[in-house]
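Participant:
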Amino acid sequence: MARFVMGSFARWSSSVRHSMVSQSRSYASKSAIPSFSETSSSQLDQLLHRFRQDRFIPAGLPNQQRRNMFKEKHKQRLEDEPVSVAINENEDYTLRPMSVGELPTKKDAYEVLRLIAANNEWKALLPFLSGLYMSHFRLNPNRFAQLVRKASEAGKLSIIMECVRQAHRTGFHLRDLTVVERLFYDIHVLAHSADFQGPALNKALNLAKQAVDLMDQDTSSQQSALNTKNPKTQPSVIGTLLELTAARAINEFGGKDQANEVLGYARKLIAARPLYQEQKALAAQSGAATERAQQILPVYNGLRLSISIHGLALDKALHDLVTAFQEEAKIELESIVDKIDKPQVQNLVQSVLQA
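Its first residue numbered 18, the sequence shown is counted upward by one per residue in the numbering used here.
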């Protein structure tokens, strides 16, 4: 009996090792298990290390080896004769008995994201999101929107855009309205902070155009222009693009509409006016003044700036529609400004209305 047990174990160990050797090279090149450089926070470093060791690397192992780590019947075998696998050219990982209950939790993941923002360690965001995504750990849209806000406050929207560019690795897509509207509002804030002039304006415009291009490339999220949930057709998105192109035309081209971009966005925004009015009615019912103000700001300001662009007056019908839409947006903003519960947003609205 003892010989049978020992023989069985030897065969199991040999099989595991052979499997590891044969799969390690291809696995290491395909799974792209993230690594983390040292940060300024020891607490963040410890959590990143824990996630990598307990979630990310096991998630990248071949299915059989991962199952062996979590099966009770293999626990003693792994303790008696540990098995190592090369996960890259310079690193080995030793299989060990694990249980689901000891894995890092969603609460732990949120703490990592908090520490990344609190310590301004944004370099860790992309690899951490990549690790979460490869280990089938999904964040909800509100969490992604929060990341956009925190990155914007730190001047790191470019990091967010890189995460979106690598959405196949990070799971950070521009498909949800909450995330898209948060991103475009913060792009508006970036330009507003520089009075819609200079390098900050160009940076904001580039970010906005990149975001739209990425939405276009995301074929799984392409929707009909008539679909009210299509992020690309949102008045706040079009309004931001109109606002930024109009500001650039005024500041850099003497009010001339290079390549007819401003008129193009103005027409698209007029076409989105029914959706604007639908959202206006919903906001009035919900009483969400702050969120609604963030949607309206770039719409109103974009329409306001576009009126001074050369060429708009030549299209009388369009000019009249832009003027009427601007007045509608202004009246709505004025009606909710005192109901906004965030001072920063309220101050921003007031400054735009006074411009």
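Glycine included, C-beta positions come from ideal geometry on N, C-alpha and C. On a predicted model such as this, the values are computed, not experimentally measured, just so you know.
1. Which word fits residue 352, buried or exposed, when buried means at least 16 other C-beta atoms lie within 10 angstroms of its C-beta?
2. Report the three-state DSSP secondary structure of residue 109 (helix, strand or coil).
3. Can the beta-carbon of residue 56 be found closer than 8 Å to that of residue 136?
4. Between the alpha carbons of residue 201 and residue 90, how many angstroms are there, rounded?
5. Within 8 Å (strictly less), CB to CB, does residue 353 reach chain D?
6. How should residue 190 be labelled, buried or exposed, when 16 other C-beta atoms within 10 angstroms of its C-beta is the threshold for buried?
7. Tell me, please, which residues DSSP counts as bridged to residue 103.
8. Could you tell me whether the Cβ atoms of residue 156 and residue 203 are closer together than 8 Å?
9. Exposed or buried, what is residue 38 when buried is set at 16 or more other beta-carbons lying within 10 Å of its beta-carbon?
10. Would you kindly report the start and end of the unbroken alpha helix (DSSP H) that includes residue 129?
11. From residue 336 to residue 330, what distance separates their C-alpha atoms?
12. CB residue 120 to CB residue 71, shorter than 8 Å?
13. Give the secondary structure of residue 270 by DSSP, where H, G and I count as helix, E and B as strand, and everything else as coil.
14. Measure the alpha-carbon distance for residue 328 versus residue 185 and round it to whole angstroms.
15. Would you call the segment 284 to 294 in contact with the segment 246 to 253, where contact means no fewer than 3 C-beta pairs closer than 8 Å?
16. Near residue 332, what residues of its chain come up, given a Cβ to Cβ distance below 8 Å and the 5 sequence neighbours on each side ignored?
17. Could you spell out where the alpha helix (DSSP H) holding residue 332 opens and where it closes?
18. Apart from the five residues just before and just after residue 284, which ones in its own chain have a Cβ nearer than 7 Å to its Cβ?
19. Would DSSP call residue 359 helix, strand or coil?
20. When the Cα atoms are used, what is the spatial distance from residue 146 to residue 196?
21. Of the choices 51, 128 and 95, whose alpha-carbon is the least far from that of residue 105?
22. Helix, strand or coil for residue 305, going by three-state DSSP, please let me know.
23. Among 346, 171, 54 and 365, which one has its Cα closest to the Cα of residue 319?
24. Do residue 349 and residue 326 count as a contact pair if the criterion is CB distance below 8 Å?
25. Just curious, the alpha helix (DSSP H) that residue 151 is in, first and last residue?
26. Counting along the chain, where does the alpha helix (DSSP H) carrying residue 62 start and finish?
27. By a C-beta neighbour count over all protein chains shown, 10 Å radius and 16 as the cutoff for buried, is residue 372 buried or exposed?
28. Closest to residue 363 by CA distance: which of 321, 229, 310 and 315 is it?
Facilitator: The relevant details are as follows:
1. For the purposes of this step, residue 352 is taken as residue 335 along the sequence shown, with counting starting at 1. Counting Cβ neighbours within 10 Å, residue 352 comes out exposed, since fewer than 16 surround it.
2. Counting from 1 along the sequence shown, the entry for residue 109 is found at position 92. Residue state, collapsed to three classes: strand.
3. Numbered from 1 along the sequence shown, position 39 holds the residue referred to as residue 56. Numbered from 1 along the sequence shown, position 119 holds the residue referred to as residue 136. Closer than 8 Å, so yes.
4. Along the sequence shown, one-based indexing puts residue 201 at 184. Along the sequence shown, one-based indexing puts residue 90 at 73. So the alpha carbons of these two residues sit roughly 52 Å apart.
5. Annotation note: the requested chain D is absent from the structure, which comprises a single protein chain.
6. Position 173 of the sequence shown, counted from the first residue, corresponds to residue 190. It counts as buried.
7. Mapped onto the sequence shown, residue 103 falls at position 86. According to DSSP, which records beta bridges pairwise, residue 103 is partnered with 109.
8. Looking up residue 156 in the sequence shown gives position 139. Looking up residue 203 in the sequence shown gives position 186. Going by C-beta atoms, residue 156 is not nearer than 8 Å to residue 203.
9. Taking the first residue of the sequence shown as 1, we reach residue 38 at position 21. Unreliable positioning characterises residue 38 in this predicted model, as indicated by a pLDDT of 42, which lies under 50. The coordinate reading is nonetheless provided below. Exposed is the call here.
10. Translated into the one-based positions of the sequence shown, residue 129 becomes position 112. That run of the alpha helix (DSSP H) goes 123 to 135.
11. By one-based count along the sequence shown, residue 336 stands at place 319. By one-based count along the sequence shown, residue 330 stands at place 313. The alpha-carbon atoms of residue 336 and residue 330 are separated by roughly 6 Å.
12. Your numbering for residue 120 matches position 103 in the sequence shown. Your numbering for residue 71 matches position 54 in the sequence shown. In this structure, residue 71 lies closer than 8 Å to residue 120 by Cβ.
13. Position 253 of the sequence shown, counted from the start, is the residue given in the question as residue 270. Of the three classes helix, strand and coil, the one that applies to residue 270 here is coil, per DSSP.
14. Translated into the one-based positions of the sequence shown, residue 328 becomes position 311. Translated into the one-based positions of the sequence shown, residue 185 becomes position 168. Between the alpha carbons of residue 328 and residue 185 lies a gap of roughly 42 Å.
15. yes
16. For this step, residue 332 is matched to residue 315 along the sequence shown. Cβ within range, chain order: 280.
17. Along the sequence shown, one-based indexing puts residue 332 at 315. Note, residue 332: premise wrong, no alpha helix (DSSP H); not H, not E.
18. For this step, residue 284 is matched to residue 267 along the sequence shown. 335.
19. Translated into positions along the sequence shown, residue 359 becomes position 342. If DSSP states are grouped into helix, strand and coil, residue 359 belongs with coil.
20. Within the sequence shown, the letter at position 129 stands for residue 146. Within the sequence shown, the letter at position 179 stands for residue 196. Residue 146 and residue 196: Cα-Cα distance of roughly 16 Å.
21. On the sequence shown, residue 105 is found 88 positions in, with the first residue counted as 1. Closest option to residue 105, Cα to Cα, is 51.
22. What you label residue 305 is simply residue 288 of the sequence shown in a count that begins at 1. Of the three classes helix, strand and coil, the one that applies to residue 305 here is coil, per DSSP.
23. On the sequence shown, position 302 is the one that residue 319 refers to. Out of 346, 171, 54 and 365, 346 has the C-alpha closest to the C-alpha of residue 319.
24. Residue numbering aside, residue 326 sits at position 309 when the sequence shown is read from its first letter. Residue numbering aside, residue 349 sits at position 332 when the sequence shown is read from its first letter. Taking 8 Å as the Cβ cut-off, residue 326 and residue 349 do not qualify as a contacting pair.
25. Reading the sequence shown from its first residue, position 134 is the one you call residue 151. The continuous alpha helix (DSSP H) containing residue 151 extends over residues 142 to 151.
26. Here residue 62 is taken as the residue at index 45 of the sequence shown, counted from 1. Run containing residue 62: 59 to 68, per the alpha helix (DSSP H) assignment.
27. For the purposes of this step, residue 372 is taken as residue 355 along the sequence shown, with counting starting at 1. Exposed.
28. As a first step, residue 363 must be located in the sequence shown, where it is residue number 346. The option with the nearest alpha carbon to residue 363 is 310.
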